[in-house]
Amino acid sequence: MRTLFQRLISTFALAGAAMLLPAAAQAQSTPYVTLERPHQTDSGDKIEVLEFFSYTCGHCAALAPLLDTWTKNQPDDVAVVHVPIAFNAGMRPLQQLYYTLEAMGRTDLHLGVFRAIHEQRTRMFDEAGITKWATETAGLDPKVFADTYNSFGVHSRMQRANQLAESYAIDSTPQVVVDGRFLTSPALANGYAQTVTQTDALVKQIRATR
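Be aware that the sequence shown starts at 247, since it is given in this note's numbering, and climbs by one per residue.
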(Lines of atoms letter the chains of each structure in order from A and count residues from 1; the text may use other names and numbers.)
(Lines give C-alpha, C1' and ligand atoms only; values in the text may rest on other atoms or scores of the structure.)
Protein backbone atom coordinates (compact mmCIF):
# COMPACT_ATOMS: atom_id res chain seq x y z
CA MET A 1 0.00 0.00 0.00
CA ARG A 2 1.36 3.40 -0.92
CA THR A 3 1.97 5.88 1.87
CA LEU A 4 0.19 9.22 2.00
CA PHE A 5 3.45 10.89 1.02
CA GLN A 6 3.77 8.72 -2.07
CA ARG A 7 0.19 9.45 -3.07
CA LEU A 8 0.76 13.18 -2.69
CA ILE A 9 3.94 13.09 -4.76
CA SER A 10 2.16 11.07 -7.43
CA THR A 11 -0.67 13.59 -7.55
CA PHE A 12 1.70 16.52 -7.96
CA ALA A 13 3.77 14.59 -10.48
CA LEU A 14 0.78 14.24 -12.75
CA ALA A 15 0.78 18.01 -13.06
CA GLY A 16 4.52 18.56 -13.16
CA ALA A 17 5.99 15.55 -14.90
CA ALA A 18 3.43 13.56 -16.82
CA MET A 19 4.14 15.71 -19.85
CA LEU A 20 7.46 17.47 -20.10
CA LEU A 21 6.64 19.69 -23.06
CA PRO A 22 4.23 22.55 -23.59
CA ALA A 23 1.72 21.85 -26.32
CA ALA A 24 3.47 24.07 -28.87
CA ALA A 25 6.69 22.08 -28.55
CA GLN A 26 5.46 18.50 -28.41
CA ALA A 27 5.90 17.84 -32.11
CA GLN A 28 9.52 18.96 -32.12
CA SER A 29 12.51 16.62 -31.95
CA THR A 30 15.28 19.23 -31.60
CA PRO A 31 17.02 20.05 -28.28
CA TYR A 32 15.20 23.39 -28.16
CA VAL A 33 12.34 25.19 -29.86
CA THR A 34 11.97 28.75 -31.03
CA LEU A 35 8.80 30.22 -29.60
CA GLU A 36 6.30 31.45 -32.15
CA ARG A 37 5.78 34.64 -30.19
CA PRO A 38 8.88 36.17 -28.54
CA HIS A 39 8.28 37.62 -25.09
CA GLN A 40 9.53 40.85 -23.58
CA THR A 41 11.91 40.00 -20.74
CA ASP A 42 12.07 41.66 -17.33
CA SER A 43 15.86 41.66 -16.91
CA GLY A 44 16.86 44.78 -18.82
CA ASP A 45 19.90 44.35 -21.04
CA LYS A 46 20.80 41.00 -19.49
CA ILE A 47 20.23 37.65 -21.16
CA GLU A 48 17.31 36.29 -19.19
CA VAL A 49 17.05 32.60 -18.35
CA LEU A 50 13.70 31.60 -16.85
CA GLU A 51 13.45 28.24 -15.11
CA PHE A 52 9.85 27.16 -14.60
CA PHE A 53 9.79 24.59 -11.82
CA SER A 54 7.85 23.01 -8.99
CA TYR A 55 9.34 21.72 -5.75
CA THR A 56 7.28 18.52 -5.98
CA CYS A 57 8.58 17.72 -9.47
CA GLY A 58 11.23 14.99 -9.47
CA HIS A 59 12.60 16.17 -12.82
CA CYS A 60 13.04 19.65 -11.36
CA ALA A 61 14.86 18.18 -8.37
CA ALA A 62 17.29 16.44 -10.72
CA LEU A 63 17.89 19.53 -12.85
CA ALA A 64 18.17 22.06 -10.02
CA PRO A 65 21.73 21.33 -8.76
CA LEU A 66 23.10 21.21 -12.30
CA LEU A 67 21.49 24.52 -13.20
CA ASP A 68 22.67 26.00 -9.91
CA THR A 69 26.29 25.11 -10.67
CA TRP A 70 25.97 26.57 -14.16
CA THR A 71 24.39 29.75 -12.81
CA LYS A 72 27.25 30.39 -10.40
CA ASN A 73 29.68 30.40 -13.31
CA GLN A 74 27.81 32.90 -15.48
CA PRO A 75 29.05 36.45 -16.10
CA ASP A 76 27.06 39.51 -15.12
CA ASP A 77 25.24 39.72 -18.45
CA VAL A 78 23.11 36.67 -17.57
CA ALA A 79 20.09 36.80 -15.24
CA VAL A 80 18.75 33.44 -14.10
CA VAL A 81 15.22 33.71 -12.72
CA HIS A 82 13.55 30.78 -10.96
CA VAL A 83 9.80 30.75 -11.52
CA PRO A 84 7.86 28.36 -9.25
CA ILE A 85 4.43 27.65 -10.66
CA ALA A 86 1.29 26.07 -9.29
CA PHE A 87 -0.90 24.01 -11.59
CA ASN A 88 -3.49 23.65 -8.83
CA ALA A 89 -4.30 25.00 -5.37
CA GLY A 90 -2.42 22.17 -3.67
CA MET A 91 0.85 23.38 -5.19
CA ARG A 92 0.50 26.98 -4.06
CA PRO A 93 2.02 26.62 -0.55
CA LEU A 94 5.39 25.53 -1.95
CA GLN A 95 5.25 28.22 -4.62
CA GLN A 96 4.69 30.62 -1.75
CA LEU A 97 7.70 29.16 0.07
CA TYR A 98 10.10 29.99 -2.76
CA TYR A 99 9.06 33.62 -2.88
CA THR A 100 9.23 33.80 0.91
CA LEU A 101 12.83 32.58 0.82
CA GLU A 102 13.57 35.06 -1.95
CA ALA A 103 12.07 37.95 0.02
CA MET A 104 14.06 36.94 3.11
CA GLY A 105 17.29 36.76 1.14
CA ARG A 106 17.57 33.02 1.78
CA THR A 107 17.53 31.48 -1.66
CA ASP A 108 20.57 29.55 -0.45
CA LEU A 109 17.92 27.18 0.97
CA HIS A 110 16.44 26.54 -2.49
CA LEU A 111 18.22 23.23 -3.12
CA GLY A 112 17.57 22.25 0.48
CA VAL A 113 13.83 22.33 -0.17
CA PHE A 114 14.25 19.81 -2.98
CA ARG A 115 16.37 17.58 -0.73
CA ALA A 116 13.85 17.80 2.09
CA ILE A 117 10.98 16.69 -0.14
CA HIS A 118 12.63 14.14 -2.43
CA GLU A 119 15.43 12.69 -0.28
CA GLN A 120 14.37 13.20 3.33
CA ARG A 121 10.66 12.67 2.58
CA THR A 122 9.67 15.67 4.66
CA ARG A 123 5.91 16.30 4.72
CA MET A 124 5.76 19.96 3.77
CA PHE A 125 2.82 20.39 1.44
CA ASP A 126 0.82 22.88 3.48
CA GLU A 127 1.61 25.99 5.51
CA ALA A 128 1.97 24.06 8.76
CA GLY A 129 4.44 21.55 7.34
CA ILE A 130 6.37 24.23 5.50
CA THR A 131 6.58 26.41 8.59
CA LYS A 132 7.82 23.48 10.66
CA TRP A 133 10.62 22.82 8.16
CA ALA A 134 11.50 26.50 7.77
CA THR A 135 11.73 27.24 11.48
CA GLU A 136 12.93 23.95 12.96
CA THR A 137 15.14 22.56 10.20
CA ALA A 138 16.23 25.67 8.32
CA GLY A 139 16.38 27.77 11.47
CA LEU A 140 14.41 30.76 10.20
CA ASP A 141 12.85 33.17 12.66
CA PRO A 142 9.21 32.05 13.14
CA LYS A 143 7.66 35.53 13.20
CA VAL A 144 9.70 36.88 10.30
CA PHE A 145 8.93 33.78 8.27
CA ALA A 146 5.19 33.90 8.99
CA ASP A 147 4.94 37.61 8.24
CA THR A 148 6.86 37.24 4.99
CA TYR A 149 5.04 34.08 3.91
CA ASN A 150 1.69 35.85 4.19
CA SER A 151 2.85 39.21 2.87
CA PHE A 152 1.37 41.14 -0.03
CA GLY A 153 4.74 41.14 -1.77
CA VAL A 154 4.98 37.36 -1.81
CA HIS A 155 1.43 36.97 -3.09
CA SER A 156 2.13 39.51 -5.82
CA ARG A 157 5.18 37.53 -6.92
CA MET A 158 3.08 34.37 -7.03
CA GLN A 159 0.52 36.08 -9.22
CA ARG A 160 3.26 37.29 -11.57
CA ALA A 161 4.70 33.75 -11.78
CA ASN A 162 1.33 32.34 -12.77
CA GLN A 163 0.93 35.05 -15.40
CA LEU A 164 4.35 34.19 -16.85
CA ALA A 165 3.51 30.50 -16.97
CA GLU A 166 0.26 31.25 -18.77
CA SER A 167 1.97 33.64 -21.17
CA TYR A 168 4.57 31.03 -22.11
CA ALA A 169 1.95 28.24 -22.23
CA ILE A 170 3.87 26.22 -19.64
CA ASP A 171 1.90 23.08 -18.84
CA SER A 172 4.65 20.99 -17.24
CA THR A 173 7.98 21.33 -15.47
CA PRO A 174 10.88 21.84 -15.73
CA GLN A 175 11.09 24.20 -18.68
CA VAL A 176 13.88 26.68 -19.39
CA VAL A 177 13.24 29.75 -21.52
CA VAL A 178 16.17 31.81 -22.79
CA ASP A 179 15.81 35.47 -23.76
CA GLY A 180 12.05 35.11 -24.12
CA ARG A 181 12.59 33.33 -27.43
CA PHE A 182 13.94 29.82 -26.98
CA LEU A 183 12.69 26.93 -24.85
CA THR A 184 14.49 23.77 -23.80
CA SER A 185 13.80 20.98 -21.30
CA PRO A 186 15.06 17.53 -20.28
CA ALA A 187 12.62 15.98 -22.76
CA LEU A 188 13.74 18.14 -25.67
CA ALA A 189 17.44 17.97 -24.84
CA ASN A 190 17.26 14.29 -23.82
CA GLY A 191 18.61 14.69 -20.31
CA TYR A 192 19.26 17.00 -17.38
CA ALA A 193 22.92 17.78 -18.12
CA GLN A 194 22.00 18.18 -21.78
CA THR A 195 19.39 20.77 -20.80
CA VAL A 196 22.05 22.85 -19.09
CA THR A 197 24.40 22.40 -22.04
CA GLN A 198 21.69 23.56 -24.44
CA THR A 199 20.87 26.52 -22.21
CA ASP A 200 24.52 27.49 -22.20
CA ALA A 201 24.71 27.20 -26.00
CA LEU A 202 21.65 29.42 -26.43
CA VAL A 203 23.06 32.05 -24.07
CA LYS A 204 26.33 32.10 -26.02
CA GLN A 205 24.43 32.31 -29.30
CA ILE A 206 22.46 35.32 -28.09
CA ARG A 207 25.55 37.00 -26.66
CA ALA A 208 27.36 36.64 -29.98
CA THR A 209 24.59 38.48 -31.83
CA ARG A 210 24.48 41.49 -29.50
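In this text, a Cβ means the ideal position worked out from N, Cα and C, and glycines have one as well. All of these numbers come straight from a predicted model, not from anything done at the bench.
Quick one, are the C-beta atoms of residue 374 and residue 368 less than 7 angstroms apart? At least 7 angstroms separates the beta-carbon of residue 374 from that of residue 368.
Select from 304, 412 and 372 the residue whose C-alpha is nearest the C-alpha of residue 357. When only C-alpha atoms are compared, the closest one is 304.
So residue 328 is in the alpha helix (DSSP H); what residue range does that whole segment cover? For residue 328, there is no enclosing alpha helix (DSSP H); the enclosing beta strand (DSSP E) covers residues 324-330.
Residue 282 burial status per 10 Å Cβ neighbour count (16 or more: buried): Residue 282 counts as exposed, since fewer than 16 other C-beta atoms from the protein chains shown sit within 10 angstroms of its C-beta.
Could you give the DSSP three-state label for residue 299: helix, strand or coil? In this structure, DSSP gives residue 299 an extended state, which the three-state scheme calls strand.
Element boundaries [beta strand (DSSP E), containing residue 312]: Per DSSP, residue 312 belongs to no beta strand (DSSP E); it is in the alpha helix (DSSP H), 304-318.
Three-state class that DSSP yields for residue 376 in the structure shown: Residue 376 falls in the helix class under three-state DSSP.
In angstroms, rounded to a whole number, what distance separates the CA positions of residue 454 and residue 320? Using only the alpha carbons, I get a separation of about 15 angstroms.
Using DSSP's beta-bridge definition, name the partner residues of residue 429. Answer is 279 and 423.
Looking only at its own chain, which residues have a Cβ that is under 6 angstroms from the Cβ of residue 284, when we skip the five neighbours before and after it? In chain order, 426 and 427 place their CB closer than 6 angstroms to the CB of residue 284, counting only its own chain and leaving out the 5 sequence neighbours on each side.
Given residue 353, which residues of its chain have a CB within under 6 angstroms of its CB, disregarding the five upstream and five downstream residues? Within the same chain, residue 353 has close Cβ partners 347.
Just the Cα atoms here: how many angstroms apart are residue 324 and residue 351? Approximately 20 angstroms, taken between the alpha carbons.
Take residue 386 and list the residues in its own chain whose beta-carbon comes closer than 6 angstroms to its own, dropping the five residues that flank it on each side. Once the five neighbours on either side are set aside, the close Cβ partners of residue 386 are 380.
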